[in-house]
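Read the structure below first, then the notes.
Protein chains: 2
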Amino acid sequence: MTTPITVLDRLLEISELFQKDMARAFDGTPLTAARIRLLWELQHSGPSTQHALATSLGVSPRNITGLVDALEAGGYVTRSPHPSDRRATIVALAASAQQMMREMQREHAELSTDLLGAVDAADRAALERGVDAIAARLRELIAADEARRAERIEVGA
Amino acid sequence: MTTPITVLDRLLEISELFQKDMARAFDGTPLTAARIRLLWELQHSGPSTQHALATSLGVSPRNITGLVDALEAGGYVTRSPHPSDRRATIVALAASAQQMMREMQREHAELSTDLLGAVDAADRAALERGVDAIAARLRELIAADEARRAERIEVGA
DNA sequence: GGTAATGATGTAGTACCATCATGATATGAC
DNA sequence: GTCATATCATGATGGTACTACATCATTACC
Numbered sequence: 001m002t003t004p005i006t007v008l009d010r011l012l013e014i015s016e017l018f019q020k021d022m023a024r025a026f027d028g029t030p031l032t033a034a035r036i037r038l039l040w041e042l043q044h045s046g047p048s049t050q051h052a053l054a055t056s057l058g059v060s061p062r063n064i065t066g067l068v069d070a071l072e073a074g075g076y077v078t079r080s081p082h083p084s085d086r087r088a089t090i091v092a093l094a095a096s097a098q099q100m101m102r103e104m105q106r107e108h109a110e111l112s113t114d115l116l117g118a119v120d121a122a123d124r125a126a127l128e129r130g131v132d133a134i135a136a137r138l139r140e141l142i143a144a145d146e147a148r149r150a151e152r153i154e155v156g157a
Numbered sequence: 001m002t003t004p005i006t007v008l009d010r011l012l013e014i015s016e017l018f019q020k021d022m023a024r025a026f027d028g029t030p031l032t033a034a035r036i037r038l039l040w041e042l043q044h045s046g047p048s049t050q051h052a053l054a055t056s057l058g059v060s061p062r063n064i065t066g067l068v069d070a071l072e073a074g075g076y077v078t079r080s081p082h083p084s085d086r087r088a089t090i091v092a093l094a095a096s097a098q099q100m101m102r103e104m105q106r107e108h109a110e111l112s113t114d115l116l117g118a119v120d121a122a123d124r125a126a127l128e129r130g131v132d133a134i135a136a137r138l139r140e141l142i143a144a145d146e147a148r149r150a151e152r153i154e155v156g157a
């Protein structure tokens, strides 16, 4: 009845290790998961209104205000007026944060090659295919679950 | 200069998907990451004193009291007196929680075979080797980083 | 030009995780 | 028996992540 160590176990372990590493990397800074997510979104989509951030991150606009407050106080982000809509404010990565994100990406790439280097050269192609397949399947499963859940809400209660 | 999608990216994505899935799975219950970690530890090491839990989870005893309070209120865990040391209380998984954890492991195993099923049969062995190698390398890197950090504290400041 | 929607924020509140300081009780060494 | 130590509990604090509701300026609609 003892379960063998499966690929899934390894993936979960890797997931945990990543989290641990992230947490330690940002220890001592005011950066937290939610704030980093916002920075990531900014780097990904460029300067955005707070409303846009709220939508893409799936949280309330009020929450964005708080997150941006903290990031602005830390110098990671700047607020500037929207050129045509005087209600809106535009949030953008500060220069230092852009630098930091670039650095993160560099480290990310380094880590990537390092980890891949630990894999037997003959296994790499198969590994890549396998990991892709697993990610795809996982996305599929989650999407299906989400759909089921949405339907239940639609119909029930 | 556009970075290609690497294995690391996929692994990070998988990591995120796992987290998302977990969060949704326990939505509506009083279970949170910290509490689940405690349940996991209990299942892994069996009934334990709070002090033991504090040590193995690396948090303050006070924090354990709070976590156990919540889990006890939810019926996931029981407190009973230590047979020989009347200071200590022993925390154990309640029967229903044991059932739940077994169920989780079953689902875990199912998911594992499901995901592996999405991988081309010819790639599976290589995938397994590759994922193992990556996990090992990651452990190594983190251990090295931890050692470096510990030394710095030892020496500096 | 009046009314309704929009964008950000102030206020207030919930819940969680984590800490330290303090105190009660039990243990174990002397 | 006394006293340091260990185990746990409580209270107080602080920080984060969210929410809902109300407010105010601005913009869009007719």
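Residue numbers (UniProt numbering), protein chains in the order written: chain Y, 1 to 157; chain C, 1 to 157.
In this text, a Cβ means the ideal position worked out from N, Cα and C, and glycines have one as well.
Below 7 Å between beta carbons: does that hold for residue i and residue j?
i                      : j        : result
C:Ala54                : C:Pro61  : yes
C:Ala135               : Y:Ile90  : no
Y:Val119               : C:Ala133 : yes
residue 159 of chain Y : C:Arg137 : This structure cannot speak to residue 159 of chain Y, because chain Y is shown only from 1 to 157.
Y:Leu127               : C:Gly130 : yes
Y:Ser112               : C:Thr113 : no
Y:Pro30                : Y:Gly75  : no
Y:Gln43                : Y:Met101 : yes
Y:Glu41                : Y:Ser56  : yes
Check the Cβ-Cβ distances between residue i and every residue of chain C, and say whether any is below 7 Å.
i        : result
Y:Leu57  : no
Y:Phe26  : no
Y:Gly130 : yes
Y:Thr29  : no
Y:Asp123 : yes
Y:Ala157 : Note that Y:Ala157 scores a pLDDT of 41, beneath 50, so its modelled location is shaky and nothing firm can be said.
Y:Leu39  : no
Y:Val119 : yes
Y:Glu107 : no
Y:Ile134 : yes
Y:Ser60  : no
Y:Arg10  : yes
Y:Leu42  : no
Y:Leu17  : yes
Y:Leu115 : yes
Y:Leu93  : no
Y:Arg35  : no
Y:Ile90  : no
Y:Glu151 : no
Y:Glu13  : yes
Considering Cα atoms alone, identify which of the options is closest to residue i.
i       : options                                 : result
C:Gly66 : C:Ala109, C:Glu128, C:Leu17 and C:Gln50 : C:Gln50
Y:Asp9  : C:Glu110, C:Ser96, C:Arg87 and C:Thr32  : C:Glu110
Y:Met22 : Y:Glu107, Y:Arg124 and Y:Arg139         : Y:Glu107
C:Pro47 : C:Phe26, C:Arg35, C:Arg24 and C:His82   : C:His82
C:Ile36 : C:Met104, C:Arg148 and C:Glu140         : C:Met104
Y:Ile64 : Y:Ser84, Y:Arg149 and Y:Ala34           : Y:Ala34
Y:Ala88 : Y:Arg139, Y:Gln99 and Y:Ala52           : Y:Ala52
Any C-beta of chain Y sitting closer than 7 Å to the C-beta of residue i?
i        : result
C:Thr65  : no
C:Thr6   : yes
C:Arg137 : yes
C:Asp21  : yes
C:Leu71  : no
C:Ser112 : yes
C:Leu53  : no
C:Ala126 : yes
Which partner residues of residue i appear in the DSSP bridge assignment?
i       : result
C:Val91 : C:Ser48 and C:Arg79
Below 8 Å on the Cβ atoms is my contact criterion, and I expect residue i with residue j to pass it. Report the Cβ-Cβ distance as a whole number of Å.
i        : j       : result
C:Ile142 : Y:Leu12 : That pair is no contact at about 15 Å.
C:Leu39  : C:Ala97 : 6 Å
C:Arg86  : C:Val68 : Their Cβ separation, rounded to whole angstroms, is 18 Å, which puts C:Arg86 and C:Val68 out of contact at 8 Å.
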